[in-house]
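Asker: Residue numbers (numbering that gives the first Met the number 0): 0 to 138. Just dropping this structure here.
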Amino acid sequence: MGKIVAAMAGYESTSTHEGDLRAFLADARDRDADARDRDADARDRDADARDRVADARDLAATARDRVADERVRAAEAELAGLGVAMGTRAIIEQAKGMIMITLKVDEAAAFDVLVRRSQTSHLKLVDVAREVVRVGSSK
0 MGKIVAAMAG YESTSTHEGD LRAFLADARD RDADARDRDA DARDRDADAR DRVADARDLA
60 ATARDRVADE RVRAAEAELA GLGVAMGTRA IIEQAKGMIM ITLKVDEAAA FDVLVRRSQT
120 SHLKLVDVAR EVVRVGSSK
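As structure tokens, then:
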């Protein structure tokens, strides 16, 4: 308003000048309103940009979480498989030892016996080994 008062200082109080002054004041208010609208629009654009950045960060975090979850599931599956493999290996090693003692053969030949029996019986190697251990332990 200080600018308006300074601009009004040279005006005389006549009806022509009062009309000019009113028009000047109305124009000044319109310019101020336009400037406020432009400022509000700029703030809205800034807020929209911040929202888009936040959305992108959320999307990236979700993607990272999915990748991490998948890696955890893969590690858990691998761990479970290793546990099974360790148990399976122990049974196969025990069966090989029993075959080595019984047939007086080396480790490779004992394993070949297990493999051939597995193939001819259409059973898994570990199942053949379990049967060898079960039968050998009952004697």
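Beta carbons are placed, not taken as given, at the ideal position from N, Cα and C, and that holds for glycine.
(1) With distances taken from CA atoms, which of M85, G96, S120 and H121 is nearest D110?
(2) In this structure, how does DSSP classify H121 when only helix, strand and coil are distinguished?
(3) According to the neighbour-count rule (16 or more other Cβ atoms, all chains shown, within 10 Å of its Cβ), is V52 buried or exposed?
(4) If we ignore side chains and look at the alpha-carbon of each, how far apart do A107 and E75 end up?
(5) My guess is that V125 and I91 are in contact by the Cβ rule of under 8 Å, so how many angstroms apart are they, rounded?
(6) Taking 9 Å as the threshold (C-beta atoms), are T101 and G80 in contact?
(7) At the level of alpha carbons, what is the spacing between G82 and R42?
(8) Run through DSSP, which three-state label would K103 get?
Answerer: Checking against the coordinates, here is how it stands:
(1) For the purposes of this step, residue 110 is taken as residue 111 along the sequence shown, with counting starting at 1. Note on identity: in this sequence residue 110 is Phe, with Asp being the wrong assignment. G96 is the residue among M85, G96, S120 and H121 whose C-alpha sits nearest the C-alpha of F110.
(2) Position 122 of the sequence shown, counted from the start, is the residue given in the question as residue 121. The answer is coil: DSSP assigns H121 none of H, G, I, E or B.
(3) What you label residue 52 is simply residue 53 of the sequence shown in a count that begins at 1. Counting C-beta atoms within 10 angstroms of its own C-beta, V52 has fewer than 16 neighbours from the protein chains shown and is therefore classed as exposed.
(4) Looking up residue 107 in the sequence shown gives position 108. Looking up residue 75 in the sequence shown gives position 76. If I take the Cα positions, the gap works out to 33 Å.
(5) The residue labelled residue 125 in the question sits at position 126 within the sequence shown. The residue labelled residue 91 in the question sits at position 92 within the sequence shown. Sure, about 6 Å apart at Cβ, within 8 Å.
(6) Reading the sequence shown from its first residue, position 81 is the one you call residue 80. Reading the sequence shown from its first residue, position 102 is the one you call residue 101. Not closer than 9 Å, so no.
(7) Counted from its first residue, the sequence shown places residue 82 at position 83. Counted from its first residue, the sequence shown places residue 42 at position 43. Rounded to whole angstroms, G82 to R42 spans 59 Å at the Cα level.
(8) Within the sequence shown, numbered from 1, the residue matching residue 103 stands at position 104. If DSSP states are grouped into helix, strand and coil, K103 belongs with coil.
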